[in-house]
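Residue numbers (my numbering), protein chains in the order written: chain W, 734 to 1018; chain D, 29 to 334. The next block holds one structure in the form of structure tokens; read it before the comments.
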Amino acid sequence: MTAIAATHTAEAEPIAAFDAVQSRRRCLGWRRRILDISQQVTALHVAPAFSCTEIVDVIYHGLMRWEAPGRSPDVFLMSKGHGCLVQYVILEAMGVLPTADLDLYCKPEGRLGAHPDYGIPGIAASTGSLGHGMGIATGMAYAERLQGRDGRIFVVLSDGECQSGSTWEAAMMAANLRLDNLVAFVDMNDFSGLERMSEGHPAFHPLLEKFQAFGWRGVEVAGHSAEALHAAVDGHTGGGPFIVVCKTVKGKGVSYMEHVPIWHYRSPNPAEYAQALAELREIAG
Amino acid sequence: MRNRFADVFYELGLQDPRLCIVVADISPAGSISRFRTEFPDRFVNTGVAEQVMIGMCAGMALRGLRPFAYTIATFVLYRPFEFVRDDLCYQNLPVTIVGIGGGVTYSTLGGTHHAQEDIGVATTIPNMTVLVPCDPPEAEAATRWCATQTRGPVYLRLGKAGEPVLTGDAVEPWQFGRLRRITRGEDVCILACGPVAKLAVQLAERFRARGESVSLISAHTPKPLDEEGIIAALRSHRRVVVVEETAPGGSLGRRVRELAWQSGADCRLDTFCLQDEFIHCYGDHDALLAAHGLEIGAMSARMGFG
């Protein structure tokens, strides 16, 4: 492989030792902040964000390198665009997205919608339509290698997205190209929009083996365990693209949301909001 | 046109290391084959997988490269349509998707390989630029523009191979977004889009034989359309004729009619294009065009030449 040009010269901060205790604390904060935002609008994606909260936190705070707030040689891509609330609140805490933007979430004067848009600070690509992220991430990872840069691409997919043929087109290409700078996480909460994946689409399982058959290396982990998520990727080097199949719970942390499809879209009313806040705890994983 | 595209892409690729080509199982023609040999990393074949062809181009463009996607027109635009729309157009990325065999060029391969509606489909998407060169020199000019532009996504519609040069003595150069006069006249204006301009050349000769002077124009940029230029042509000629190889929906002919209405034009206007029907016959390219009335005899009869 001949590199075109090494244009990345800025020194990124080495990743500090990952502190799972801090991660658990942060994740409690992300969930609380998302619940606050839920009181501004009637419909949003709380439960899909709660199922990937730990995954996204570990990527931002345990795996990506940072040169400055919002500037990294690595890329985070939320392929399951409907999970973007957790990305918004993390970017807010990093100072990348002003609080004023989150206050105007899904409002006519605002610029943040229920799916992330390219051009918004901290957003690497527009997603929302499922099955697009893996292809874009594959192109990004290839571009990094071609230009002699060491950027790693972290992409988060829903399990429903792995029903899409386009995801598998990209999975095959990523393996063909031996993209060892591509790390994909599947937020396997077992719920597509309509039903439980394991009931409606039993042939969907097993998933990890499907990726392995496509030439990926990977592991299955407890998707709400910051330690497990971090450890799964931290030790990975080389050998092609890497998949982390994360066993998660949709709506994790709020009893009445867990495994209940309506919370894919619904916003809690004031009483439900109070109950959710009272229930939220640090999640040991 | 295909070979001219390949030659120019190779030449530009030597100068700009960001230029890459992503194909979907299309055997590389001419200089693209050389490009692949000399720059194997900048040539990617996704196989029969057009969605990832477009998705990868988007990711590569987002990380600083200038990718071209390249395959048969139906497969670069229709198969991955939502990826073209969301990944390229919604994000407004400078990616060129090259459709070869535009129109009904692949005349014996059947309707699955006919791109009759491609121009209408492509021009409908916001942010998309659509370029339809009429001959190899225009294919070269358009390719050079695509390789250096920062405007956004482009659909570059090419023919196949062996198209005649029609613009060798053109009175105006190719300029992005502008009508291009090949000849200048006062009586009749023929607006032609794509290699089917060869029929426009024949039609122009018939007009000249009747003593009428002809402005023969290559309308090579369906989007953004040179509306001012078309309105000026409608005002300054007694007769305007449109010749194109595309279905009526989204055609140049319909746009010209719109502009004629808006501008209160009083010229005679005749439009020729493919019909809103699939083609089930086989034969050479000319035979398929003729099946939809794009043939000089039938066109002359419609023009009242007898």
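All C-beta atoms, glycine included, are put in the ideal place defined by N, C-alpha and C. Quick caveat: nothing in here was measured; it's all calculated off a predicted structure.
- For D:Gly41, the enclosing alpha helix (DSSP H) begins and ends at Arg30 to Gln43.
- Counting C-beta atoms within 10 angstroms of its own C-beta, W:Thr786 has 16 or more neighbours from the protein chains shown and is therefore classed as buried.
- D:Ala97 has D:Val50 and D:Ile125 as its beta-bridge partners, per DSSP.
- D:Ala247 carries a coil assignment under DSSP once its states are collapsed to helix, strand and coil.
- In this structure, the CA atom of D:Gln119 is about 13 Å from the CA atom of W:Gly866.
- Look at the beta carbons and you see the segment 854 to 863 of chain W not touching the segment 755 to 771 of chain W: under three pairs across the two are nearer than 8 Å.
- Taking a Cβ-Cβ threshold of 9 Å, none of the residues of chain W is close to D:Phe109; the smallest such distance is about 12 Å.
- With respect to the C-alpha of D:Arg62, the residue from D:Val123, D:Asp35, D:Ala315 and D:Gly87 having the closest C-alpha is D:Asp35.
- Not a single C-beta of chain D is nearer than 8 Å to the C-beta of W:Leu824.
- A check of alpha carbon separations from D:Glu305 across D:Ile49, D:His142 and D:Leu297 identifies D:His142 as the nearest.
- Counting only residues of its own chain and dropping the five nearest sequence neighbours on each side, W:Tyr875 has a CB closer than 7 Å to the CB of Leu910 and Leu912.
- For D:Arg70, the number of other beta carbons within 10 angstroms of its own is at least 16, and it is reported as buried.
- D:Asn73 is bridged by DSSP to D:Val51.
- Closer than 9 Å at the C-beta level to chain D, one finds these residues of the segment 879 to 890 of chain W: Leu879, Gln880, Arg882, Gly884 and Ile886.
- Ranked by how close their Cα comes to the Cα of W:His815, the residues W:Ala1011, W:Trp996, W:Ala1009 and W:Gly872 have W:Trp996 in first place.
- The distance from the Cβ of D:Pro45 to that of D:Leu121 is about 18 Å, inconsistent with a contact at the 8 Å cut-off.
- Residues Leu105, Met156, Val158 and Tyr183 of the same chain have their beta carbon placed closer than 7 Å to that of D:Ala150, with the five preceding and five following residues left out of the count.
- Take the alpha-carbon of W:Met811 and the one of W:Glu800: they are about 21 Å apart.
- In chain order, Met873, Ala876 and Glu877 make up the part of chain W whose C-beta sits under 7 Å from the C-beta of D:Arg91.
- CA-to-CA, the gap between D:Ile259 and W:Ile976 works out to about 57 Å.
- Among the residues facing chain W, D:Cys85 is included, as its CB has a counterpart in that chain under 8 Å away.
- For D:Tyr98, no Cβ of chain W is located within less than 8 Å of the residue's own Cβ.
- Straight-line spacing of the CA atoms in D:Trp173 and D:Gln43 works out to 14 Å.
- Across the structure, D:Val51 and D:Thr74 are spaced so that their CA atoms are roughly 6 Å apart.
- Within the segment 150 to 236 of chain D, the complete alpha helix (DSSP H) segments of 4 residues or longer fall at 164 to 176, listed in chain order.
- Taking C-beta separations shorter than 7 Å and ignoring five residues to either side along the sequence, the partners of D:Cys117 in its chain run Ile153, Pro154, Asn155, Met156 and Pro181, following chain order.
- Excluding sequence positions up to five before and after D:Thr195, its CB lies within less than 8 Å of the CB of Cys162, Asp163, Pro165, Glu166, Trp202, Arg208, Ile210 and Ser246, all in the same chain and listed in chain order.
- Closest by C-alpha distance to W:Glu942, out of W:Lys985, W:Val982, W:Ser988 and W:Cys895, is W:Cys895.
- Interface flag for W:Ile869 against chain D is set, since a Cβ pair is found closer than 8 Å.
- In this structure, the beta-carbon distance from D:Ala261 to D:Ser243 falls below 8 Å.
- Interface with chain D (8 Å Cβ-Cβ cutoff): W:Ser812 is excluded.
- For the pair W:Cys817 and W:Val774, the CB atoms are not nearer than the 8 Å cut-off.
- For W:Leu810, the enclosing beta strand (DSSP E) starts and ends at Val808 to Met811.
- Approximately 12 Å separates the beta-carbon atoms of W:Gly898 and W:Leu863; this is outside 8 Å, ruling out the contact.
- Excluding residues up to 5 positions away in sequence, Pro122 and Thr157 lie with their Cβ nearer than 8 Å to the Cβ of D:Arg179 in the same chain.
- What W:Ser859 touches in chain D, judged by beta-carbon distance under 9 Å, is Asp114, Asp115, Tyr118 and Gln119, going in chain order.
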